[in-house]
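Written below as structure tokens is the structure these notes are about.
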Amino acid sequence: MTLSPPLQSFLDPSSSPLFNIVLHEPEIPNNTGNIGRTCVATRSALHLIHPLGFELSEKACRRAGLDYWPRLDLHEHATFDDFLNNTQVSPNRLWLLTTRTDRCVFDVSFQRGDYLVFGRESRGLPLDLIDRYSNRCIGLPMVPGERSLNLASVVASTVYVGMYQLLARNELGIGPENH
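Start counting the sequence shown at -4; every next residue gets the next number (our numbering).
Written as structure tokens, this is what we have:
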């Protein structure tokens, strides 16, 4: 696989999002900011499910230096059920990232537009969601007993695993001639 022309031209700006990143009640603004930057860089949408552990006003974003924030495809939802109602996403397009599973991101086949759901930094996803979507739970491989990885790192890793799969299956091009 050749990474030329440059990676920034890999998607047509008029196309649908590569992935939909869903943060369930995120607590740390720096993580959400980093995840927002990943979304902008990969043409993925960001869905935030309230309550948030920080302020998301325009003033707060300017103060934090989030100059890319206006280019972010951002959606906010009051609850997880509101998210489901607002997006009408099919359960087979949801992937819930958790440490409470033996199924790995390498064991599934991501599709363009899938919804990748991540939990709070301190607790992960609520157990009722993990139980409700147990067949859609996946995780990154880690040494047993180690603390969870940083949320922004997990999101970026998962997005790029998915992007790699799409590239390997020739469902995504990275040059201007094959969006």
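Note that CB positions come from ideal geometry on N, CA and C, so glycine has one too. What you are looking at is a predicted structure, and each value in this text was computed from that prediction instead of being measured.
On the CB-based measure, 16 or more other CB atoms within 10 Å of its CB, does residue i come out buried or exposed?
i           : result
residue 122 : exposed
residue 137 : exposed
residue 34  : buried
residue 167 : buried
residue 109 : buried
residue 39  : buried
residue 147 : buried
residue 139 : exposed
residue 78  : buried
residue 118 : exposed
residue 212 : With the chain covering -4 to 174 only, the question about residue 212 has no answer from this structure.
residue 46  : exposed
residue 101 : exposed
residue 133 : buried
residue 21  : buried
residue 154 : buried
residue 87  : exposed
residue 15  : buried
residue 130 : exposed
residue 26  : buried
What does the alpha-carbon distance come out to for the pair residue i and residue j?
i           : j           : result
residue 75  : residue 164 : 32 Å
residue 81  : residue 49  : 23 Å
residue 28  : residue 61  : 7 Å
residue 93  : residue 151 : 15 Å
residue 69  : residue 141 : 32 Å
residue 158 : residue 104 : 11 Å
residue 98  : residue 156 : 15 Å
residue 145 : residue 31  : 15 Å
residue 23  : residue 124 : 21 Å
residue 67  : residue 95  : 30 Å
residue 135 : residue 91  : 11 Å
residue 175 : residue 115 : Any answer about residue 175 is impossible in this case: the structure gives the chain only from -4 up to 174.
residue 13  : residue 72  : 20 Å
Just reading off the beta strand (DSSP E) that residue i is part of, what are its end residues?
i           : result
residue 113 : 110 to 113
residue 81  : Element bounds for residue 81: not the beta strand (DSSP E) but the alpha helix (DSSP H), 75 to 82.
residue 138 : Here residue 138 belongs to no beta strand (DSSP E), and DSSP marks it neither H nor E.
residue 44  : 40 to 44
residue 16  : 15 to 19
Quick check on the DSSP output: the alpha helix (DSSP H) that includes residue i runs from which residue to which?
i           : result
residue 87  : Looking at the DSSP string, residue 87 is not in any alpha helix (DSSP H), and its letter there is neither H nor E.
residue 30  : 24 to 37
residue 146 : 146 to 163
residue 47  : Taken as a continuous stretch (DSSP letters only), residue 47 belongs to no alpha helix (DSSP H), as it is neither H nor E.
Nearer than 8 Å: is that true of the beta carbon of residue i relative to any heavy atom of the ligand HEM?
i          : result
residue 64 : The model on display carries no ligand, and the ligand HEM is accordingly not part of it.
Step through the CB atoms of chain B and report whether any lies within less than 9 Å of the CB of residue i.
i          : result
residue 46 : No chain B appears in the structure shown, which is made up of a single protein chain.
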